[in-house]
Amino acid sequence: MEQTNKNYPVKVTLPVQWGEMDALGHVNNVTYFRYLETGRMGVLNAIKLYRDNLIEGISTILLKIDCRYLKPVVFPDTVHIYSKVSKVGNTSITIEQEIHSDALGLVATSESVLVVFDYAKQEKTAVPDVVRETIEILNGN
Amino acid sequence: MRQTLTEIKVPGFHIDVYGHVNNARYLEYLELGRWDFITTYFNRKTIKEQQWGFIIINIDIHYRSPAYFDDILIVDSTVTNVGLVRVSLKQNIYCKEDQKLLAEATVRFVLMDLKTLRPIRIKGNIKKFVETGELPV
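Here the protein sequences come in this chain order: V and S.
Okay, so the first sequence: first residue is 0 according to numbering that gives the first Met the number 0, each after it adds one.
Okay, so the second sequence: first residue is 0 according to numbering that gives the first Met the number 0, each after it adds one.
Below is the structure:
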């Protein structure tokens, strides 16, 4: 994971795999969601919500995600997933993401909402203060 | 209304570290539902001859409930709107056993001319093709 700029503080870079292309000769639409997932994991790791650095068993569960496809990615290429926490609610966080490729520039945008979830109690829970503080620092505030 | 109901049995390798179906797998289930819809309602020979492709421009998915290993899922796919360029497809994923809604998605796509890589305007015979699956002679 690479720290980038204030607007999108988390950047993850991935090589495009040949096998990610489908019959139309471009990277299949589902793969974009996998790129976004990998980017989200970079954010969750940075704000202490990834499953390996859980705070009292608290992590997240994906509530919704949308993806706007702007350009078709083709092998060989490298994609960069830029991510930021754009909103912190009582029990949820919103992540905005952009996927850029070396060859094409901006290729997709996305917004996702993650509910903070207590896996022991199997219920949503408040965003921990330490997570809020970490997001503030990550966002440069 | 044109609709397909696609049945999928969840295999073990679709389960992630949280013990449920990984979020991106739902997108694959939607993809299977769309292929079922296309092969059910569209003349594939025409698509190949005309060098057209259905290209997705946006997917919006809301996750309602987790799916688990061995669940039998139903992907319900229905066209909800045919615009001048864009087509909207509503896709819901249910658990077959209790009919519980697991996810609902809206998928927007265009019919692309693969020779020019430009979206085709959906009017006249093209509209008839999108609506009926056959190109008028």
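No residue lacks a Cβ here, since even glycine has one placed at the ideal position from N, Cα and C.
Rounded to the nearest angstrom, the gap between the Cα atoms of Glu96 of chain S and Thr108 of chain V is 36 angstroms. Closest by C-alpha distance to Ile55 of chain S, out of S:His19, S:Val106, S:Leu134, is S:Val106. Looking at the DSSP output, Phe116 of chain V sits in a beta bridge with V:Ser58, V:Lys123.
A straight-line Cα-Cα distance of about 43 angstroms links Ser64 of chain S and Pro135 of chain S. Taking the CA atoms as reference points, Ser87 of chain S sits about 42 angstroms from Glu55 of chain V. Linking Val130 of chain V to Gly38 of chain V through their CA atoms gives a straight-line distance of about 18 angstroms. The shortest C-alpha to C-alpha distance from Glu122 of chain V to any of V:Glu97, V:Pro71, V:Ser91, V:Glu95 is the one to V:Ser91.
With the rule of 3 Cβ pairs closer than 8 angstroms, the region 33 to 48 of chain S counts as touching the region 0 to 11 of chain S. At a cut-off of 8 angstroms, the C-beta of Leu88 of chain S has no neighbouring C-beta in chain V. A residue is called buried once 16 or more other Cβ atoms fall within 10 Å of its Cβ, and Phe12 of chain S, having fewer, is exposed. Under the criterion of beta carbons closer than 8 angstroms, Leu100 of chain S and Val9 of chain S do not qualify as touching, at roughly 16 angstroms.
Contact check for Lys86 of chain V against Tyr7 of chain V fails: the beta carbons are separated by 8 angstroms or more. If you check the CB distance, Val26 of chain V and Val15 of chain V come in under 8 angstroms. For the pair Leu105 of chain V and Leu69 of chain V, the CB atoms are nearer than the 8 angstroms cut-off. Here the C-alpha atom of Ala119 of chain V lies approximately 10 angstroms from the C-alpha atom of Ser58 of chain V. With respect to chain S, the C-beta atom of Phe32 of chain V has a partner C-beta closer than 8 angstroms.
Any Cβ of chain V closer than 8 angstroms to the Cβ of Tyr62 of chain S would place that residue at the interface, and such an atom is present. When DSSP states are grouped into helix, strand and coil, Val72 of chain V belongs to the coil group. Counting the other Cβ atoms within 10 Å of the Cβ of Trp51 of chain S gives 16 or more, which makes it buried. Residue contact check for Ile64 of chain V against chain S: a CB pair falls below 8 angstroms.
Residue contact check for Glu122 of chain V against chain S: no CB pair falls below 8 angstroms. Using a Cβ-Cβ cut-off of 8 angstroms, Ile55 of chain S is close to Asn28, Tyr68 of chain V, given in chain order.
For the pair Ile134 of chain V and Gln49 of chain S, the Cα-to-Cα distance works out to about 51 angstroms.
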